[in-house]
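Working notes for the structure below.
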Amino acid sequence: MNKIFQLGIIFFLVGGFFYSIQNVQASPFFSNGYFTENGIEWCEENRPLYEILDEKFFEHHKHSLESRVCVSLYQDYYWTYEGSDRIEKLIERSKHYSQLEISESYDESETGIIDTTPAENKDQTLLQGLTEDGEMTVQIISSSPRINESMEINLTFLDKDNRIRTNVNYGVTISQQDQIILENGNLFSEKGLSTMNTRPLNSDKPVSIAIAINGIGIP
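Numbering (the working numbering), first residue to last: 797 to 1015.
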């Protein structure tokens, strides 16, 4: 294995939002019915992933409202707009697309007719963390902790050019109330994407997720 660095990344999940310490920068992507500036940046960083996965992009992001809105924005006039107010325009457009997706989900619940690729307004948290040396970004999409339910955690590893970083060696520790609920220090992601599930939780208290990047290369 060609080990190029070893860094720890620590995330804390508090309610519906992630807060970060040490080597991570994070803030909410979606608030009050539309994207924040960080949400638009998340769409930009996920554009290469969408181009690779195409329709499977929705599956990877669990058909989340955020992923559906991003794809709508990719096709919007203002996505390629070069004015100084581009971000503000995209934030405003995200409100429009979010309302459409939420309305569609409501109609489906009323009629019982479900689209195979709907936007689901689920209680999910999106986060990205940057390693201290700037060589890698880890994106996380996680369900919120709920008693007697498993948490699903989706990881995407990106290089500094926002391309998927393959052959990532990493470890993960997930704990709740000082009890470890999932731990594995020797994981490998060949394609730069990973999904894991915890055991059913005993509480809906905050959950901490620690990810350690061990190196790059086939073990």
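All residues carry an ideal CB built from backbone N, CA and C; glycine is no exception.
Grab me the residues of residue i's own chain with a C-beta within less than 7 Å of its C-beta, minus the 5 sequence neighbours each way, in chain order.
| i | result |
| --- | --- |
| ASN963 | GLU986, ILE1012, GLY1013 and ILE1014 |
| HIS856 | LEU849, ASN950 and LEU989 |
| PHE825 | PHE831, THR832, ASN834, GLY835, TRP838, GLU862 and LEU922 |
| TYR877 | LYS885 |
If you draw a straight line from the alpha carbon of residue i to that of residue j, how long is it in whole angstroms?
| i | j | result |
| --- | --- | --- |
| SER939 | GLU862 | 13 Å |
| TYR873 | ARG889 | 10 Å |
| LEU869 | GLU884 | 13 Å |
| THR994 | SER946 | 5 Å |
| GLU948 | THR991 | 7 Å |
| ASP957 | LYS1001 | 36 Å |
| SER1004 | ASN982 | 19 Å |
| LEU997 | PHE854 | 26 Å |
| SER880 | GLN975 | 48 Å |
| THR927 | ILE937 | 17 Å |
| GLN935 | ASN842 | 10 Å |
| ASN1010 | ILE977 | 21 Å |
| GLY930 | ALA1008 | 15 Å |
| VAL867 | HIS859 | 11 Å |
| LEU896 | ASN965 | 40 Å |
| PHE984 | LYS852 | 21 Å |
| ARG875 | ARG882 | Before going on, a small fix: residue 875 reads as Trp here, not Arg. Their backbone Cα atoms lie some 8 Å apart in a straight line. |
| GLY967 | ILE887 | 35 Å |
So, at 8 Å on beta carbons, what are the nonlocal neighbours of residue i in its own chain, with the 5 sequence-adjacent residues on each side left out?
| i | result |
| --- | --- |
| SER999 | PRO941, ILE943, GLN972 and GLN973 |
| ILE960 | PRO844, LEU845, ILE848, THR952, PHE953, LEU954, LYS987, GLY988 and LEU989 |
With a CB to CB cut of under 6 Å and the five nearest residues on each side skipped, what residues in its chain are close to residue i?
| i | result |
| --- | --- |
| THR969 | GLU979 and ALA1006 |
| VAL865 | SER890, TYR893 and SER894 |
| GLN871 | none |
| THR913 | Annotation note: pLDDT 44 at THR913 (below 50); position unreliable, no value reported. |
Can you name the residues that DSSP bridges to residue i?
| i | result |
| --- | --- |
| GLY925 | VAL934 |
| SER990 | LEU951 |
| GLY1011 | ASN965 |
| LEU869 | LEU869 is not bridged to any residue. |
| LEU997 | ILE943 |
Using a Cβ-based criterion (distance less than 7 Å to any ligand heavy atom), does residue i qualify as near the ligand ATP?
| i | result |
| --- | --- |
| GLU833 | For the ligand ATP, the structure offers nothing, since it holds no ligand at all. |
(Q) Please give the ranges of any beta strand (DSSP E) in the stretch 930-984, keeping only runs that are unbroken, at least 3 residues long and fully inside the region. (A) 932-939, 948-955 and 964-972
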